[in-house]
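2 protein chains.
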Amino acid sequence: MQSPEELTTAFRARGLKVTPQRQLIFRLLAGNDRHPSADVLFATASAAMPGISLRTIYQTLTDLTSMGELRALDVGAGATRFDPNIDDHHHVICDHCGDVRDVYVSGVESLRLLSDADAEAHGIFEIDRTQVVFRGTCSPCRSTR
Amino acid sequence: MQSPEELTTAFRARGLKVTPQRQLIFRLLAGNDRHPSADVLFATASAAMPGISLRTIYQTLTDLTSMGELRALDVGAGATRFDPNIDDHHHVICDHCGDVRDVYVSGVESLRLLSDADAEAHGIFEIDRTQVVFRGTCSPCRSTR
DNA sequence: TGGTTATTCGCAATCTGTGCAGATTGTGGC
DNA sequence: GCCACAATCTGCACAGATTGCGAATAACCA
Ligand SMILES: [Mn+2]
Ligand SMILES: [Mn+2]
Ligand SMILES: [Zn+2]
Ligand SMILES: [Zn+2]
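In order, the protein sequences belong to chains L and D.
Count the first sequence with my numbering and you get residues 1 to 145, in order.
Count the second sequence with my numbering and you get residues 146 to 290, in order.
Structure representation (structure tokens):
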């Protein structure tokens, strides 16, 4: 995601307005590596700006996502998580607490599809992106077991 | 997933009963590589057994999943998809229609985490499983664009 | 400054999935 | 084959996440 300042420019360029609510959300997301859900952002935003609506949070997250500034992540834990890091990276997810961590991975280019049916699938599909997800248990969750 | 016959035995062995509803669901899942959602299964099941409840579909899917006969897949398209293929395999997903195809991939063992923060994350997390998801557009969806 | 147009916000509605309880049915033992 | 009993089925209420809608409001450009 670009900086709050750059986003301000980008929004205006698109005919979108830069409201205090949006600026706050930009700031909350900038450099955030926690992969927050809309709900978590709403809680944080509400502390800084009481009265801000959850609807506005969703609205802005959707806008940023469709602008390509944000990536939506479905980790299979109820709510969608949002990722301002749009670098080519991957994730480690704790199946117990839902913690999501960034990881940079080598060897992704070397992945190869096997067998005929796969080759066919490969030909039939136009692949845009490869996501690697490592699932497991984080240290804190391992302690309390 | 085991065959419907084997599942019958497995269920009885666990003190679970084998009802016509469950048998139907076993049959609908056996060899099914479409990764159906509960909803889709409900529609198909309803055709064969009018009156069957969506609740029963969910119930049986949950049972099969916790028995390890089925894998639940979150593809970020609303509903959970269920996979009777419990081999070590991966998926190609069409971002437009939600089509999910099985692919067998080589090179997964060679994936390596880079950088310090990642190495730390790797040490902190106990990784159980690595999922690779190829995202893109299937041929039919490409035509209609 | 004013007018136009996007945005905000609250609320209803949708969608997916789960909790509950009464009526029903599969099963193992006789 | 019949019984007793536990497991199941179903309908319905409910919860959580997200979206649709519209009236009131606020941003932006001339
Ligand atoms: Mn990330
Ligand atoms: Mn599969
Ligand atoms: Zn954890
Ligand atoms: Zn498609």
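Glycine included, every Cβ here is placed at the ideal spot set by N, Cα and C.
Reference residue i, options the options, closest by Cα
i        : options                                : result
Leu199/D : Gly252/D, Gly268/D, Arg167/D           : Arg167/D
Gln131/L : Ile231/D, Gly221/D, Asn230/D, His241/D : Gly221/D
Ser251/D : Leu114/L, Gly15/L, Tyr58/L             : Leu114/L
Asp208/D : Val163/D, His180/D, Asp261/D           : Val163/D
Ile124/L : Leu152/D, His267/D, Ile269/D, Pro285/D : Pro285/D
Thr56/L  : Arg142/L, His122/L, Phe26/L            : Phe26/L
Ser148/D : Ser288/D, Ile197/D, Leu215/D           : Leu215/D
Beta-carbon proximity check, residue i vs residue j, cutoff 9 angstroms
i        : j        : result
Val248/D : His234/D : yes
Ala30/L  : Met67/L  : no
Phe279/D : His236/D : yes
Leu218/D : Ala190/D : no
Gly136/L : Ile272/D : yes
Leu61/L  : Leu41/L  : yes
Leu173/D : Ala158/D : no
Inter-residue Cα distance where the pair is residue i and residue j
i        : j        : result
Cys94/L  : Cys138/L : 6 angstroms
Gly78/L  : Ser182/D : 16 angstroms
Arg81/L  : His35/L  : 5 angstroms
Leu111/L : Ala10/L  : 36 angstroms
Gly51/L  : Pro20/L  : 12 angstroms
Ala43/L  : His122/L : 43 angstroms
Pro229/D : Asp178/D : 7 angstroms
Gln204/D : Gly243/D : 24 angstroms
Thr171/L : Arg274/D : As displayed, chain L neither begins before 1 nor continues past 145, which places residue 171/L out of reach and without an answer.
Glu6/L   : Thr65/L  : 16 angstroms
Glu109/L : Asp39/L  : 35 angstroms
Arg287/D : Asp261/D : 41 angstroms
Quiz item: Curious, which full-length alpha helix (DSSP H) runs of at least 4 residues does the region 192 to 266 of chain D contain?
Solution: 199 to 211
Quiz item: Can you list the alpha helix (DSSP H) stretches of 4 or more residues lying completely in the region 149 to 195 of chain D, in chain order?
Solution: 149 to 158, 165 to 174, 183 to 193
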